[in-house]
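Peer 1: This is the structure I have questions about; it appears just below.
Numbering (this note's numbering), first residue to last: 315 to 369.
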């Protein structure tokens with residue numbers, strides 16, 4: 315069983331919760347690393363990155 319865990323965002327420094335449910339999702343997908351950014355910073359990065367497209 316996964317336990318909620320507090321992490322710090324590498325972009326804004328805010329503390330955010332990596333929930334047990336999110337940890338389970340990461341494990342099911344085979345992700346090896348914990349998230350390094352909070353949700354607002356991840357969303358902002360995705361918007362600014364345009365999904366990585368080269369168009």
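Glycine included, C-beta positions come from ideal geometry on N, C-alpha and C. Nothing here was measured: the structure is a model prediction, and the numbers come from that model.
What does the alpha-carbon distance come out to for the pair residue 341 and residue 347?
Peer 2: Start at 1 with the first residue of the chain shown, and residue 341 comes out as number 27. Start at 1 with the first residue of the chain shown, and residue 347 comes out as number 33. Residue 341 and residue 347: Cα-Cα distance of roughly 10 angstroms.
Peer 1: Using only the alpha-carbon positions, how far apart do residue 318 and residue 362 sit?
Peer 2: Position 4 of the chain shown, counting from 1, holds the residue named residue 318. Position 48 of the chain shown, counting from 1, holds the residue named residue 362. The straight-line gap from Cα to Cα measures roughly 29 angstroms.
Peer 1: May I ask which residues mark the beginning and end of the alpha helix (DSSP H) holding residue 319?
Peer 2: As a first step, residue 319 must be located in the chain shown, where it is residue number 5. Careful: residue 319 lies outside any alpha helix (DSSP H), inside the beta strand (DSSP E) at 319-322.
Peer 1: How should residue 326 be labelled, buried or exposed, when 16 other C-beta atoms within 10 angstroms of its C-beta is the threshold for buried?
Peer 2: Along the chain shown, one-based indexing puts residue 326 at 12. Classification for residue 326: exposed.
Peer 1: When you compare the CB positions of residue 353 and residue 330, do they come within less than 9 angstroms of one another, or not?
Peer 2: Here the question's residue 353 lines up with position 39 in the chain shown. Here the question's residue 330 lines up with position 16 in the chain shown. Yes.
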